[in-house]
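If you want it as structure tokens, here you go:
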């Protein structure tokens with residue numbers, strides 16, 4: 001009797017394929033691939049022991065840092081300096097008032113709240129009052145004596161004019177007098193009592209037909225001293241005065257803080273004026289006349 005073959009119960013049903021795959025054959029056909037992520041702990045550990053990979057990462061980091069510094073320097077250069085201004089004619093006039101001897105071609109304004117035309121009128125009036133009186137009787141008049149007296153009077157008038165101009169010269173005043181003269185100049189240049197007649201109005205907003213009409217503004221009486229452009233110009237003159245002082249006094253911490261406060265206060269005024277005027281002609285005239293850059297009102301100012 002032939003021997004009986006026993007079948008194992010774990011064998012599966014026949015699927016119609018003549019090739020039976022074993023578990024080892026399946027592993028051989030589909031080998032598992034172990035991938036390591038670039039930022040995983042295994043990769044970092046491998047780079048830590050690989051000097052070539054460490055050198056490459058350091059080079060990439062140094063290149064990125066240098067590029068960031070270059071871009072930051074380009075951005076700062078494009079914005080400009082929040083303190084220094086361009087040498088416009090108005091700025092040159094302000095600096096000439098602050099210095100003891102201003103540049104040639106710029107006439108210094110007189111001190112003691114005196115205007116140049118008032119000095120000229122007063123000198124002419126005094127010259128007429130002190131002029132020698134000619135003799136009414138021409139028969140006994142001496143022409144040579146009258147000529148000499150007129151020449152002496154002209155000479156005395158020239159000396160008087162020179163003395164008066166030296167007395168009222170701003171170069172003989174202190175820093176407070178110079179700053180006051182610059183403030184008067186800012187009021188006359190940027191005050192709306194003068195610029196309203198020369199500058200066009202700001203761009204109008206969209207008209208609302210249903211809205212109520214605003215009444216006409218009351219005409220301005222006296223010089224304008226409170227508009228934002230006048231205040232920004234006055235702050236600019238004070239900033240130039242303090243920056244000139246700090247060039248020779250580096251350890252003056254008190255005035256350094258005052259300069260920082262003035263710069264930030266001017267930045268707020270410039271932002272307000274730009275928003276209210278919508279970048280109109282009044283804003284453009286202020287920035288061009290003062291020679292200010294975008295760094296005076298843009299972004300954060302760190303000093």
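Residue numbers (full-length UniProt numbering): 1 to 303. Glycine included, every Cβ here is placed at the ideal spot set by N, Cα and C.
Mind checking residue i: buried by the 16 CB within 10 Å criterion, or exposed?
i: residue 221; result: exposed
i: residue 303; result: exposed
i: residue 140; result: exposed
i: residue 30; result: With a pLDDT of 49 at residue 30, under the threshold of 50, the predicted position of this residue should be treated as unreliable, and no value is reported.
i: residue 97; result: buried
i: residue 159; result: exposed
i: residue 82; result: buried
i: residue 284; result: exposed
i: residue 113; result: exposed
i: residue 300; result: exposed
i: residue 42; result: exposed
i: residue 277; result: buried
i: residue 304; result: In the structure as shown, the chain begins at 1 and stops at 303. Residue 304 is therefore absent and cannot be evaluated.
i: residue 145; result: exposed
i: residue 286; result: buried
i: residue 240; result: buried
i: residue 109; result: buried
Could you pull out every residue in the same chain whose Cβ sits closer than 8 Å to the Cβ of residue i, ignoring the five residues on either side in sequence?
i: residue 196; result: 220
i: residue 242; result: 255, 258, 259, 262
i: residue 47; result: 53, 54, 57
i: residue 151; result: none
i: residue 189; result: 90, 233, 289
On a CA-only basis, which of the options is nearest residue i? Give me that one, please.
i: residue 181; options: 192, 135, 168; result: 168
i: residue 133; options: 96, 291, 83, 147; result: 147
i: residue 183; options: 93, 58, 51, 299; result: 93
i: residue 90; options: 288, 76, 99; result: 288
i: residue 230; options: 63, 293, 185, 64; result: 185
i: residue 280; options: 251, 144, 201, 187; result: 201
i: residue 237; options: 51, 95, 65, 76; result: 95
i: residue 298; options: 264, 284, 282, 278; result: 264
i: residue 153; options: 175, 164, 129, 136; result: 129
i: residue 127; options: 144, 161, 190, 145; result: 161
i: residue 191; options: 226, 215, 65, 145; result: 226
i: residue 166; options: 50, 119, 252, 239; result: 119
i: residue 306; options: 247, 157, 253; result: This structure leaves residue 306 out entirely; the chain is present only between 1 and 303.
i: residue 99; options: 66, 75, 175; result: 175
Apart from the five residues on each side of it in sequence, which residues of its chain come closer than 6 Å, Cβ to Cβ, to residue i?
i: residue 111; result: 168, 170, 173, 177
i: residue 149; result: 132
i: residue 291; result: 85, 86, 88, 91
i: residue 117; result: none
i: residue 123; result: 161
i: residue 44; result: none
i: residue 21; result: Bear in mind that a pLDDT of 49 at residue 21, under 50, signals an unreliable position, so the model cannot answer this.
Would you kindly check if the distance between the Cβ of residue j and the Cβ of residue i is under 7 Å?
i: residue 270; j: residue 232; result: yes
i: residue 228; j: residue 273; result: yes
i: residue 142; j: residue 193; result: no
i: residue 235; j: residue 266; result: yes
i: residue 282; j: residue 199; result: yes
i: residue 249; j: residue 80; result: no
Within a Cβ cutoff of 7 Å, which residues of the same chain sit near residue i, ignoring the five residues on either side of it in sequence?
i: residue 71; result: none
i: residue 268; result: none
i: residue 344; result: Beyond the ends of the chain as shown, which are 1 and 303, falls residue 344; an answer cannot be given.
i: residue 246; result: 252, 255, 256, 259
i: residue 136; result: none
Entirely enclosed alpha helix (DSSP H) segments - the segment 127 to 212, minimum 4 residues: Secondary structure remark: continuous alpha helix (DSSP H) runs of at least 4 residues inside the segment 127 to 212, in chain order: 143 to 167, 175 to 190, 192 to 195.
Where are the beta strand (DSSP E) runs, 3 residues long or more, that stay fully inside the segment 212 to 280, in chain order? Secondary structure within the segment 212 to 280: not one fully enclosed beta strand (DSSP E) run of 3 or more consecutive residues is present.
Counting only runs of 3+ residues fully inside the segment 70 to 127, write out the beta strand (DSSP E) ranges in chain order. none
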